[in-house]
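The opening residue of the sequence shown carries number 1 in full-length UniProt numbering; numbering runs sequentially from there.
No residue lacks a Cβ here, since even glycine has one placed at the ideal position from N, Cα and C.
Here the structure is a predicted model, which is why all the values come from computation and not from measurement.
What follows is a set of notes on a single structure, which appears directly below.
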Amino acid sequence: MKAVVLEAEWAPRASARISDRDAERQWARIASDAYRNPSVDLRTIADPGEPGPTEVVVEVGACGLCGSDVHMFETDDEGYMLLPYHLKAPVITGHEFAGKIVAAGKDVTELRVGGLVAVEEIQWCGNCRECRGGYWNQCRNIEDLGFTVNGGFAQYVKVDARFCWPLDDVLDRYGDEETTLEVGALTEPTSVAYEGMFTRGGGFKPGGAVTVFGGGPIGLASVALAQAAGASKIFIVEPIAERRELALELGATHAIDPINEDAADAVLTETRGNGSAMVVEASGNTKAVMRGVEDTLGVGGKVIVAGMDANAAQINLINIQLKAGSFYGTVGHSGTWDFPNVINLMAAGRINMEHAITRRFPLAGLVDAIDETKARGNGKILVKPQL
């Protein structure tokens, strides 16, 4: 089969905290602390093989290109990749994907060969202290499709069936497999937003205002979910005009260009000084936006930190204290029905993430797709391994 493989040099920084176990298997909890000089190429490799008793083999129909995929190939002055997340190289990248089941193990009972599924990235163990306490995304033995085990920038992937969710109802809505698989590939980033806003953050009362910093895929999904949840006003703060337009299509009521307009002034004016019941930080540039996040937050409001940024950001805690505000760190989407709830919203037409898709590439075009994503002028770029 064809697959995109990432290679990188294992060279932990002197300051990195890496356990003996992780060092032995060259498994980095923060890739930017340990891996440098990344490279990527398209290879012909062996198919995944027959599934185990609880596994399925998925023919990948569409796989989204995420900002974290781009960070794998961006480096600092010393050649260390900028990815602030898990990694074990070499690995087939890609973690936002949907596909068709082409083989199933003997103990798989709730999925069928020929069925369309969206696949969770995070592979939790279910046995560690964190999993048993309900923190599946913080699993002590976590593996991540496309980061530490082979992912979706390939024609086929083998995965445990418990991480697959049927797209039957989405297929009923759209009526064709290709559209269903493209929309299904957006289940993962939309579920990341859902996890932060509702599972971790507990949501907001319908009628409240929501402000989203960053109009990338997580930010766009946050806008769509805010509309579905009954936000009265939804502000997108994004410097790129094309992304502001996409956000308006997905439900934003106000689009703010922070280069030419003060976000806090705009939000406070439109809310008559009340601010936002929820602020989603999805830009991944917390140093630049944190002051705006603080100032747009309303009394009793919630800040959802969904963007990933390894750099330190200054927070004026008195602003949060005086407003009785709360911060929620969030990563992942597993263990709490985020995927099936997002799929239900898609199937019901309450969110239409099809609007977020702007470009499609074959596997051989991944480098070009990465370059376009770096320019940050697109919504969601999809890679179609079967093209």
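For residue i and residue j, I'd like the C-alpha separation in whole angstroms.
i: residue 104; j: residue 70; result: 32 Å
i: residue 194; j: residue 181; result: 20 Å
i: residue 188; j: residue 86; result: 17 Å
i: residue 313; j: residue 57; result: 42 Å
i: residue 216; j: residue 44; result: 32 Å
i: residue 41; j: residue 346; result: 34 Å
i: residue 160; j: residue 150; result: 13 Å
i: residue 3; j: residue 268; result: 49 Å
i: residue 66; j: residue 380; result: 8 Å
i: residue 300; j: residue 322; result: 9 Å
i: residue 185; j: residue 310; result: 26 Å
i: residue 73; j: residue 273; result: 42 Å
i: residue 173; j: residue 360; result: 22 Å
i: residue 176; j: residue 62; result: 14 Å
i: residue 336; j: residue 196; result: 12 Å
i: residue 326; j: residue 15; result: 31 Å
i: residue 251; j: residue 89; result: 39 Å
Could you check whether residue j and residue i sit closer than 7 Å to each other, using their CB atoms as the reference points?
i: residue 122; j: residue 332; result: yes
i: residue 99; j: residue 60; result: yes
i: residue 228; j: residue 350; result: yes
i: residue 353; j: residue 199; result: no
i: residue 137; j: residue 128; result: no
i: residue 223; j: residue 212; result: yes
i: residue 283; j: residue 209; result: no
i: residue 329; j: residue 293; result: no
i: residue 120; j: residue 147; result: no
i: residue 7; j: residue 36; result: no
Measure the beta-carbon distance from residue i to residue j and round it to whole angstroms, keeping in mind my assumption that it falls under 8 Å.
i: residue 303; j: residue 342; result: Not really, about 22 Å apart at Cβ, beyond 8 Å.
i: residue 83; j: residue 32; result: 6 Å
i: residue 246; j: residue 220; result: 6 Å
i: residue 156; j: residue 48; result: 5 Å
Where does residue i sit, in a helix, a strand or coil, going by DSSP?
i: residue 10; result: strand
i: residue 123; result: strand
i: residue 154; result: strand
i: residue 21; result: helix
i: residue 389; result: Outside the modelled stretch of the chain, which goes from 1 to 387, sits residue 389, for which no answer is possible.
i: residue 359; result: strand
i: residue 209; result: strand
i: residue 396; result: Residue 396 is absent from the model: the chain starts at 1 and stops at 387.
i: residue 381; result: strand
i: residue 350; result: coil
i: residue 48; result: coil
i: residue 244; result: helix
i: residue 221; result: helix
i: residue 387; result: coil
i: residue 37; result: strand
i: residue 259; result: coil
i: residue 43; result: strand
Of all Cβ atoms in chain C, is any one closer than 7 Å to the Cβ of residue i?
i: residue 215; result: Absent from the structure: chain C. Only one protein chain is present.
Return the chain-ordered ranges of every beta strand (DSSP E) run that is complete within the UniProt domain "Alcohol dehydrogenase-like N-terminal" (52-169) and spans a minimum of 3 residues.
55-65, 96-104, 116-119, 156-160 and 164-166
In chain order, which beta strand (DSSP E) runs of at least 3 residues are fully inside the segment 281-333?
297-305 and 326-329
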